[in-house]
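The listed protein sequences correspond, in order, to chains W and Y.
Whatever position you read off the first sequence (first residue = 1), add 9 for this note's numbering.
Whatever position you read off the second sequence (first residue = 1), add 9 for this note's numbering.
Here the structure is laid out as structure tokens; the discussion comes afterwards.
There are 2 protein chains.
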Amino acid sequence: MKPIELDLLLELQLAPGITARVVTADSMTVAHVHLQKGAILAEHKHINEQVVNVIEGELELTVNGEPHRLTPGKVMVLPGNVPHSGRAITDVRIIDVFHPVREDFRQTSFAGYKD
Amino acid sequence: MKPIELDLLLELQLAPGITARVVTADSMTVAHVHLQKGAILAEHKHINEQVVNVIEGELELTVNGEPHRLTPGKVMVLPGNVPHSGRAITDVRIIDVFHPVREDFRQTSFAGYKD
């Protein structure tokens, strides 16, 4: 058992200006995500429960059509299958955690969220 | 669905100098943990898989008797039931995520990890 060095992981491009380094554990996926200021994550949903933890910056997270401003110290829990989208007000770093594992994030060929 | 403000949550005292604010989702527990320099988390184990994400500082995490130095950008995945302990080399902030939910962390009366 060794620590995983995020810098050595392949970087997933989730959308223009949005990249992630993803740790796939046995039961959870942990995504260290960077969003450039102005970057937009199109509305999407997935079966996985998600917890969004903002580490740096300010993120507008729209959930079921309702916008929320997330900054460090605010955490959003998204049940599975809830439509959500994001917009980076500033450069943003977040840690997203998912259960069950995001099978699509295991693939290095993730095509990104599309409008 | 609203963001959770960590500052409004009750702070759990995990051990002397180690506090956590804990978000219990449906399938996961997310603990925002602060360790004061020098603080020690005694060896313990739990059924829950755990992923340790260091946000700030330097943590010595001993897993199965083997010490590892964790700094931002290093992530440790701990399978369930693996004995582990921690020592804060500096002040440290980490985000620990667990599946299944840490039932003991639901309680505001968590008595702390003991030697």
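By construction, the Cβ of each residue, glycine as well, lies at the ideal position given by its N, Cα and C atoms.
Note that the structure is a prediction, hence the values are computed from the model and not measured.
* Does DSSP put W:L68 in a helix, a strand or coil? -> Correct three-state label for W:L68: strand.
* To do: Please state whether DSSP places W:E75 in a helix, a strand or coil.
  => Of the three classes helix, strand and coil, the one that applies to W:E75 here is strand, per DSSP.
* From Y:A97, Y:I104, Y:V106, pick the residue whose C-alpha is nearest to that of Y:P25; which is it? -> When the alpha-carbon of Y:P25 is set against those of Y:A97, Y:I104, Y:V106, the nearest one is in Y:A97.
* To do: Only counting runs of 3 or more residues, tell me where the beta strand (DSSP E) segments fall wholly within the segment 18-97 of chain W, in order along the chain.
  => Within the segment 18-97 of chain W, the complete beta strand (DSSP E) segments at least 3 residues long are 21-24, 27-33, 38-44, 49-53, 58-65, 68-72, 75-79, 83-87, 93-97, listed from N- to C-terminus.
* **Reference Y:R102, options W:L87, W:T28, W:P81, W:T38, closest by Cα** => The residue among W:L87, W:T28, W:P81, W:T38 with its C-alpha nearest the C-alpha of Y:R102 is W:P81.
* Asked: Thinking C-alpha only, which one of W:D16, W:K11, W:E75, W:Q59 is nearest W:R29?
  -> According to the sequence as given, residue 29 of chain W is Ala; it is not Arg. Checked all of W:D16, W:K11, W:E75, W:Q59; the closest Cα to W:A29 is W:D16.
* So what's W:R111 in DSSP terms, helix, strand or just coil? -> The answer is coil: DSSP assigns W:R111 none of H, G, I, E or B.
* Asked: Between W:M37 and Y:H108, is the Cβ-Cβ spacing less than 8 Å?
  -> Annotated as proximal: W:M37 and Y:H108, with beta-carbon spacing under 8 Å.
* To do: Please compile the residues from chain Y whose C-beta is within a distance smaller than 8 Å of the C-beta of W:I13.
  => Simply K83, V84, M85, V86.
* With DSSP as the reference, label Y:D100 as helix, strand or coil. => Three-state DSSP puts Y:D100 in coil, outside helix and strand.
* Asked: Is Y:L21 closer than 8 Å to Y:V31 when the C-beta atoms are compared?
  -> Yes.
* Identify which residue in Y:M10, Y:H55, Y:L68 has its Cα closest to the Cα of Y:G47. => Of all alpha-carbon atoms in Y:M10, Y:H55, Y:L68, the one lying nearest the alpha-carbon of Y:G47 is that of Y:L68.
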